[in-house]
Amino acid sequence: MNSDDKRVWLERVKKLFVGFDRPLALIVFLLLCVGLVTLYSASLDVPGRVEDQMRNIVLTFILMWGLATVPPSTLMRFAVPLYTFGIALLVGVALFGITKKGAKRWINVGVVIQPSEILKIATPMMLAWYYQKREAGLRWWDFIVGFVILLVPVGLIAKQPDLGTAMLVFAAGLFVIYFAGLSFKIIAPVLIAVVIAVGSIAAFQDKICQPQVQWPLMHDYQKHRICTLLDPTSDPLGKGFHTIQAVIAIGSGGPLGKGWLKGTQAHLDFIPEKHTDFIFAVFSEEFGLAGELVLLLLYSALIARGLFIAANGATQFARLLAGSLTMAFFTYAFVNVGMVSGVLPVVGVPLPFMSYGGTALTTLGVAIGLIMSVGRHKRLMKS
1 MNSDDKRVWL ERVKKLFVGF DRPLALIVFL LLCVGLVTLY SASLDVPGRV EDQMRNIVLT
61 FILMWGLATV PPSTLMRFAV PLYTFGIALL VGVALFGITK KGAKRWINVG VVIQPSEILK
121 IATPMMLAWY YQKREAGLRW WDFIVGFVIL LVPVGLIAKQ PDLGTAMLVF AAGLFVIYFA
181 GLSFKIIAPV LIAVVIAVGS IAAFQDKICQ PQVQWPLMHD YQKHRICTLL DPTSDPLGKG
241 FHTIQAVIAI GSGGPLGKGW LKGTQAHLDF IPEKHTDFIF AVFSEEFGLA GELVLLLLYS
301 ALIARGLFIA ANGATQFARL LAGSLTMAFF TYAFVNVGMV SGVLPVVGVP LPFMSYGGTA
361 LTTLGVAIGL IMSVGRHKRL MKS
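Residues 1 to 383 (UniProt numbering) are what the sequence shown spells out, left to right.
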């Protein structure tokens with residue numbers, strides 16, 4: 001092969017990856033590497049998980065690459081059909097879904113799927129589409145319509161019940177509404193009410209956490225999660241076990257950690273769900289505070305890059321979609337780290353690009369692909 005042929009071949013290879021935002025791709029790659037190293041340690045007793053995760057990563061990168069090459073204008077056309085399809089599936093779950101461990105979250109459509117994962121992407125896309133259409137003449141009632149669009153899937157998902165996913169969908173949609181122009185003066189009273197409610201629960205936990213007390217709009221297990229968060233020792237071998245063991249693991253890591261493969265809490269099976277929701281506890285025990293700071297720096301870099309891409313989006317739809325999906329990563333990381341650290345209730349929220357699982361990884365990859373699409377379209381317009 002002569003030099004001209006090599007240059008032609010290299011140019012073809014470069015074109016294949018033209019949609020990839022290099023800084024963002026590098027950050028995701030580093031997070032995946034850290035995740036694989038931690039997963040290997042967390043899964044020594046279950047061979048094959050690392051190999052499965054590597055296959056999931058390959059498939060996710062292919063999907064990410066494909067979406068990164070699709071223009072935002074094309075993505076916008078799929079917003080309404082995807083949202084409608086997702087809502088229809090959620091209704092199908094409510095009517096004749098599959099129940100596992102007391103939750104009805106799955107439906108068989110030839111293959112068993114969890115429709116709530118679709119809404120993590122479809123809901124912010126739908127809201128971004130709506131506010132793109134209303135950009136020229138936005139009115140106060142457009143925000144009410146936005147909340148209706150948001151609360152329909154959130155209510156259906158919470159009904160399953162799946163509080164963790166409902167919270168993630170709500171956060172992603174709320175960021176779209178806020179970025180579209182919702183005044184912080186409206187959000188502030190809600191935040192104040194939440195702070196007052198949390199303070200009241202903490203102050204009167206001895207009375208309201210009694211078994212005979214029913215909490216409105218909440219299942220008993222959700223009430224129990226909050227109560228055990230306030231006092232994990234009230235159920236040390238039940239719901240409080242997760243929090244107690246995770247906090248012990250994080251604390252035992254110290255400044256520099258015990259070293260890779262040397263975490264006792266993980267390898268003696270004291271940490272539950274150590275390869276999925278509680279993988280941060282495994283990482284913290286082995287790499288300590290120094291490792292935690294590096295990991296948080298990577299997440300901060302991912303969010304900063306995503307917001308930079310969003311701020312430079314060519315259209316309102318592109319800016320809102322990229323901004324909300326980027327902040328969804330913040331929500332994922334904040335909730336998971338807070339949950340494992342004993343600051344937030346235990347909910348089923350994975351740590352982005354660290355936790356084991358094909359479905360969650362695919363959803364995150366789709367989000368990154370959409371953000372890259374926004375950045376690529378802007379670059380092409382400048383060239």
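Where a beta carbon is used, it is the ideal one built from N, C-alpha and C, also for glycine.
When DSSP labels each residue in this structure, what does N56 get in the three-state scheme?
-> helix
Three-state class that DSSP yields for V194 in the structure shown = helix
State buried or exposed for V190, treating a residue as buried only when at least 16 other CB atoms are found within 10 Å of its CB.
-> exposed
Go to K120, then tell me how far its alpha helix (DSSP H) extends in each direction, as first and last residue.
-> S116 to K133
Just curious, the beta strand (DSSP E) that R105 is in, first and last residue?
-> A103 to N108
With a threshold of 16 other CB atoms inside 10 Å of the CB of M54, please say whether the residue is buried or exposed.
-> exposed
Apart from the five residues on each side of it in sequence, which residues of its chain come closer than 8 Å, Cβ to Cβ, to W260?
-> V37, S41, E286 and F287
Starting from I98, trace the beta strand (DSSP E) both ways and give me its first and last residue.
-> I98 to K100
How is the alpha helix (DSSP H) around C33 delimited, first residue to last?
-> R22 to A42
Counting only the same chain and skipping the five closest in sequence on each side, list residues whose C-beta sits under 6 Å from that of V152.
-> none
Exposed or buried, E117, counting other C-beta atoms within 10 Å across all chains shown (16 or more means buried)?
-> buried
Given a cut-off of 8 Å, decide if S373 and P81 are closer than it, judged by their beta-carbon atoms.
-> no
Round the Cβ separation of P211 and F241 to the nearest angstrom and send it over; I've been treating them as touching at under 8 Å.
-> With a Cβ gap of about 19 Å, P211 and F241 do not count as contacting.
Specify, as a first and last residue, the run of the alpha helix (DSSP H) that M76 falls within.
-> P72 to R77
Which stretch, first to last residue, makes up the alpha helix (DSSP H) that contains Q265?
-> T264 to H267
By a C-beta neighbour count over all protein chains shown, 10 Å radius and 16 as the cutoff for buried, is L127 buried or exposed?
-> buried
Are the beta-carbon atoms of V148 and P115 separated by less than 8 Å?
-> no
Once you ignore the five residues that flank I187 on each side, which residues in its own chain have a CB closer than 8 Å to its CB?
-> Y178
Hey, how far is the Cα of N56 from the Cα of V213?
-> 44 Å
Reference K120, options D277, C33 and A367, closest by Cα | A367
Find out if the Cβ-Cβ distance for the pair G97, I87 is shorter than 8 Å.
-> no
Helix, strand or coil for I271 per DSSP?
-> coil
Could you round the C-beta distance between T326 and L307 to whole angstroms and report it? I think they count as a contact, below 8 Å.
-> 5 Å
Nearest-angstrom Cα distance between Q132 and L89?
-> 26 Å
DSSP beta-bridge partners for V112?
-> N108
Cβ shell of C209 (< 6 Å), same chain only, five flanking positions each side left out | C227
To the nearest whole angstrom, what separates the beta carbons of V340 and F278, a pair I think is in contact under 8 Å?
-> 6 Å
Please check the pair G173 and T243, which I expect to be a contact at CB under 8 Å, by giving their CB distance rounded to whole angstroms.
-> Rounded, the Cβ-Cβ distance is 29 Å, inconsistent with contact.
Of the listed residues I27, G342, R77 and S200, nearest to L295 (C-alpha basis) | I27
Limits of the alpha helix (DSSP H) - the one that R139 falls within = Here R139 belongs to no alpha helix (DSSP H), and DSSP marks it neither H nor E.
Where S183 falls: helix, strand or coil (DSSP) = coil
Please name the residue, chosen from A171, H224, A180 and A166, that lies closest to R134 on a Cα-to-Cα basis.
-> A180
Could you check if I250 is buried or exposed, using at least 16 other CB atoms within 10 Å of its CB as the buried criterion?
-> buried
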